[in-house]
Each structure stands twice: as structure tokens, then as C-alpha cells.
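Chains as they are written, first to last, in the working numbering: chain A, 29 to 360; chain B, 128 to 422.
1) At a Cβ threshold of 8 Å, is residue 201 of chain A touching chain B?
2) Residue 289 of chain A to residue 243 of chain A, Cα distance in whole Å?
3) Locate the alpha helix (DSSP H) running through residue 137 of chain B, then write down its first and last residues.
4) Return no unless some Cβ of chain B is closer than 8 Å to the Cβ of residue 271 of chain A.
5) Could you check what DSSP says for residue 245 of chain B in three-state terms: helix, strand or coil?
6) Report all residues from its chain with a CB closer than 6 Å to the CB of residue 280 of chain B; omit the five preceding and five following residues, and keep chain order.
7) Could you tell me which chain E residues have their CB closer than 9 Å to the CB of residue 349 of chain B, listed as they occur along the chain?
8) Give a yes or no on whether the C-beta atoms belonging to residue 231 of chain A and residue 151 of chain A are separated by under 8 Å.
9) So for residue 113 of chain A, helix, strand or coil by DSSP?
10) Rounding to the nearest angstrom, what Cα-Cα distance links residue 147 of chain A and residue 277 of chain B in this structure?
11) Using DSSP with H/G/I as helix, E/B as strand and the rest coil, what is residue 344 of chain A?
12) For residue 239 of chain A, collect the residues of the same chain with a Cβ closer than 8 Å to its Cβ; drop the 5 residues on either side in sequence, then sort them by chain order.
13) According to DSSP, which residues form a beta bridge with residue 176 of chain B?
14) In whole angstroms, what is the alpha-carbon distance linking residue 190 of chain B and residue 212 of chain B?
15) Let me check understanding here. Comparing Cα to Cα, which of B/155, B/180, B/170 and B/237 lies closest to residue 388 of chain B?
16) Relative to the C-alpha of residue 318 of chain A, which residue among B/358, B/401 and B/322 is closest?
17) Taking contact to mean at least 3 C-beta pairs separated by less than 8 Å, is the segment 207 to 225 of chain B in contact with the segment 172 to 185 of chain B?
18) Taking 8 Å as the CB-CB cut-off, is residue 263 of chain B touching chain A?
19) What residues of chain A sit near residue 236 of chain B, judged by a beta carbon separation below 9 Å?
20) Would you mind working out which of B/378, B/346 and B/273 sits nearest residue 303 of chain B, comparing C-alpha positions?
21) Run the CB neighbour count on residue 251 of chain A, radius 10 Å, all protein chains shown included, and call it buried at 16 or more, exposed below.
22) For residue 293 of chain A and chain B, any beta-carbon pair shorter than 8 Å?
23) Check each candidate in A/254, A/261, A/293 and A/228 and name the one with the smallest Cα separation from residue 275 of chain A.
24) Taking a contact to mean a Cβ-Cβ separation below 8 Å, would you say residue 395 of chain B touches residue 371 of chain B in this structure?
25) Tell me whether residue 79 of chain A sits in a helix, a strand or coil according to DSSP, three-state version.
26) Just list the residues that DSSP pairs residue 282 of chain B with in beta bridges.
27) Is any beta-carbon of chain A found at less than 8 Å from that of residue 266 of chain B?
28) Give me the chain A residues within the contact set of residue 149 of chain B, using Cβ-Cβ distance strictly less than 9 Å, ordered along the chain.
29) Compare the C-alpha of residue 264 of chain B against each of B/356, B/138, B/133 and B/407 and name the closest.
30) Can you look up residue 277 of chain B in the DSSP assignment and give me helix, strand or coil?
31) Should residue 326 of chain A go down as buried or exposed, given a rule of 16 or more other Cβ atoms within 10 Å for buried?
32) Using a Cβ-Cβ cutoff of less than 7 Å, which residues in the same chain neighbour residue 296 of chain B once the five nearest sequence positions on both sides are dropped?
33) For a test of the three-state rule: what should DSSP assign to residue 160 of chain A, helix, strand or coil?
34) I need the straight-line Cα distance from residue 49 of chain A to residue 77 of chain A, nearest angstrom please.
35) With three or more C-beta pairs closer than 8 Å as the rule, is the segment 253 to 272 of chain A touching the segment 164 to 178 of chain A?
In C-alpha cells:
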């Protein structure tokens, strides 16, 4: 083995004629001094040691729960009737897939997800485009958008419940004051307005994240592209379609993925804002799972619900990843 | 290039849009803070006072048990959960700090291994980490509840610390390995050439350089733990372990309107994440960009 820092002629002379795995390379330090350094050998053992804590955590708190949860979903297991514990195969799944309750909740989940994702991404992108321009007050607005981002979802739900309150709410007061409404309305107990309220509250909380990610991408667009387009006589809309949108597509897809995950798992604000009601108009799958498991103590059925949500998430992830892959975004 | 008139028009349009966004993003938070400064009577005014007429910190004082004993007794009668807020803050703080520390201890070695040890076929493991983050928490919470119950950890902060590690560590590994890859290898090389041992390189070169990345990971883990609700509401039963979001949400279950206290608790729940976001804005935005855009 050659001494580190020496030119490795000895190492080359001694090496067999076969294909070399890794070559010595010239490394420069901050002062520009060049040294030859040994090829970096893979260190599988150290790699394993450094990853052990994370792997253990995963085994105990993810893999075990996943398997255990699946086994439970194959059982009749209600904490209120512990004596009735028995293996029933796929019966939980069959009864869920045959129930109207499940399909209603699936529809509600789709409605909530589509609504909140669209609103969040459209408004978030508009806000990012706005923040990318120069105008008086930009710094203030940039600081302000961090506020909703930092608000915990539970608090978000409580704020909106107070804003939308039927007797003392600020939104009622403003709308009545402006002459839009004749009298105070109870937004959250009205089947027609509970879901839109939930979607607006969700969007309010998540727009800042979308804006920050999109703004970061916007700032990497070279100004020359716009100048060239302007020379060619492209107007604002044409420039947006030809340059901005394609350049943002990667970030927008990533935002779409994260927001889908967020929408499908939303639980906190539903807990405090509508509690799944009125009726079952805001009962999404995550809420139905929670209620089945912890309010009705039906662990078998609850786990089956959880598995169905996980499978939906998995299916969507695969679709998204394929989309990304096709576009060559992930194949690096 | 642009005529003076067009420039003024453009600025006006931008400022109107900015004002609309400002109203939408800021009003809810303003109203929370304003309500927390109101007395019960003023909170129930119709139409509401947009600016509190006699702002008072009495709601905050009551939570910490300070002030007029008669009023405290009245608050105890009206909203007993008010006095759970202070212990819940301590619980939230404990859990958040432990999770942040655990993230650094578990995620940084793993992330370093991914970015520097040249092990081929390490990508699948990274994907497993990432995939575990995509699992909906509602799926993990049921079996974890039973696991924690069997271990006798229900209603202890330890159960929450374990759960939040699972929710945060995979993301931290992902973010940190992307971060380590942006650090020039040459600096470590020259330290090695100058005779530094692996440990010294770690201690004097890598850790100081990686500080922004590590800070970002710790803060995001703390904020996630501080705000989490699903595991908290399932795993905690009493003031021994209830965290701030659980106590704050518990006000809603009761019949009478007590939004003055709800909003006061809301401010206290939102304040730490907000301050962290403000102070470490650059780290967080940079980290999110590295994790979301590049990663």
C-alpha cells in the first residue's frame, strides 16, 4: 500500500492487468494543493453499523406494526367482546367493500383530496409567482406566509371553527356587514358548507409549503430565457406557458405527491372542525378508521380500513413515481 | 422598455394581489391573537370587535395560575382543562427535545453512510426509509397502540417519543444524505492527508460544516413532534403525558363556548413553531428546498 499523498506508482505496478475497479484520483484542498488519494473502497460493514439504529427502529415500529395490523385485520376482534376473538379470513374486507358507508367515505375522501390539493397548489403557485416579482411590501408578505405554515393543524382547525362560528364568528360578521348575507349562518353544521370550509382551512395551512417549494424553483430560472422570449415577442402568458410552467413541472409534481399524502392522512382538523359531520358529509376514510377503531373498539375492522387506505396510498405513489420516471426526472 | 404607465399599473395589480393574499393568510392568526386578549364578555360581542377594546393578558395569566384567585376559581369552574395547559407544555417540550436529539443520533450516521461509504446497492434501503414515510399514520397507530399497551407505555411520554421518531427519522435521513452530498469531499480528503483520524475528521471537519443541515433536521423534527395530534390523542390519557394539541383540542368537546381560552391555548401551541420558523427561516427553507426540490 502506497503512502497517502505519494504518487501511487508502486500501487499501479503491482496491480494485476484486469479491469481496475477505482482509480486513484487527484484531490485538491482549499489552497489548491493537489494530492493523490487512494480510491475510496466501499465499506459495507461500517455502512451496516451506522444504519443499525435506523433499521432497528424500522423493524420494531414499522415492520412489526404492519404485519401485526394485517393479521388483526383477518380477525374478528372487538375490545368490547374479547371472548369473540377469532380468525375470519378476509371477512372484514368483504364486509367493508360491500358497505355503503365505506364507499360514501371513499367519495368524501376523493372530494376532500381533489378540492384541497387543487386549491392549495393553484393558490400556492400564484403566491409564489407573486413573491417572485418586485413590488413594495414583498418582504413583509414573504415573512407572513411562514405564519400559517407554522400553525399546528389542530390549532388551524380551532381557528377556523372560531372564524366560522354560527353565533359569534368573524366571517359571518364580515359577510353580513358587507351585505352579502342577510343573517348569520352556521357553516359547519350545514351539509353544503362543511366540506368547503374544511377544504379552505386545509388549504390555508398548506399553501405556504407549496409557495416555498415553487418559489425556490422559480428562482433557479435563468433570466436570459425570458429576455430571449421577450425579444421574440412572446407576451406574459406565452412566456409563462413556454418557460415557467415546464421549468416548474418537477417541483409541481413533487408538491402534488406530498399534498396527496397529506390530504389522504388528514385527521387533526377534521377532529376539531367537523368531527366527520354533519351527518357523514366530512367522514373521510382516515376519520372512519379512527372512529371504528377507537370509538367502537373494533380493532379487526379498523385495521382492515387502515390497510385499504395504505393500499390506496401505495397505488397513487406508484402512479406518481411512474409519471416521474417516464419524464426522466428520477432516472439520474 | 416598459412605459411609465404600464409600470405603475403593474405595481398596482401586484399590490392588490398581495393585499388579498395578506388578508387571507394573516387574518385567521390575527383573530386568534386578538381573541386571546379579550375578556369573555368582549369575545361574545355581536358584531365582534375587530380590535380588542381593552386588551388583557388575564387569559394567559390564568393558565399559569397567576392573578386574582377569585377569577382563577371562576376559570376552574368554567373550563377546568385550562389548568392542563401548563403541564401539557412541559410534556410537549420534553417529547419534542427528545425526538430532535434522537433524530440527530439516529439519522446523521445513517445519512453519512449513504453519502460517503460508496456501498453499492444502498439505494433500496434508502427507498425503504422513504417508503415508510409514505405509510399513512392511521395504519401504524392501531398496532402501535396495542404494542405500547402491552409494554405498559400508554400514557407515558416515551410512547410518543418512539412514535415520533418513526414519523421523523426517515425524512431526516433523506434530507441529511442529500445535504452531505452537497458538502465537498475534498475537505475531508485534505484532513485525512494532513493526518487526521476518522474520528477527528468527523469531529472537526464534518460536524461543523454540516451544522446548518443538522439544525434544520432537529428543528423540523421538533416542530413535527410539537404539532402531532393523532398519536398523541390515542396514546395519552392524563396530564402525565397529554401534549399541548391534545389539551387544546379537548376544549371543543365541552358544551359551552370558551374560545377565549381555546385561542389562548392556540397561541401558546403555535408560538414555538412560529418562533423557530422565523429564527431559522434560512435553514428551514434551504433544507426543505434540498429535501423536496433536489432530493
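Every residue, glycine too, gets a C-beta built ideally from N, C-alpha and C.
Taking the definition as stated:
1) Flagged as an interface residue toward chain B: residue 201 of chain A, by a C-beta distance shorter than 8 Å.
2) Near 21 Å, if we compare the C-alpha coordinates of residue 243 of chain A and residue 289 of chain A.
3) Where residue 137 of chain B is concerned, the enclosing alpha helix (DSSP H) stretches over 131 to 163.
4) no
5) coil
6) 286
7) Protein chains in the displayed structure are A and B, and chain E is not among them.
8) Cβ distance < 8 Å, so residue 231 of chain A and residue 151 of chain A count as in contact.
9) Judged by DSSP in its simplified three-state form, residue 113 of chain A adopts coil rather than helix or strand.
10) 43 Å
11) helix
12) 152, 153, 155, 156, 159 and 173
13) Answer is none; residue 176 of chain B lacks a bridge partner.
14) Straight-line spacing of the CA atoms in residue 190 of chain B and residue 212 of chain B works out to 7 Å.
15) B/170
16) With distances taken between CA atoms, residue 318 of chain A lies nearest to B/358 out of B/358, B/401 and B/322.
17) With a cut-off of 8 Å, the segment 172 to 185 of chain B and the segment 207 to 225 of chain B do not count as touching, because too few Cβ pairs lie within range.
18) yes
19) 77, 78, 79, 80, 81 and 82
20) When only C-alpha atoms are compared, the closest one is B/346.
21) exposed
22) yes
23) A/254
24) yes
25) helix
26) Answer is none; residue 282 of chain B lacks a bridge partner.
27) yes
28) Here the neighbours are 165, 168, 169 and 172.
29) It is B/356 whose Cα lies nearest to the Cα of residue 264 of chain B.
30) DSSP places residue 277 of chain B within a helical segment (H, G or I) once states are collapsed to three.
31) buried
32) 230, 233 and 234
33) coil
34) Low per-residue confidence applies at residue 49 of chain A: pLDDT is 48, beneath 50, and the placement is therefore not dependable enough to give any value.
35) no
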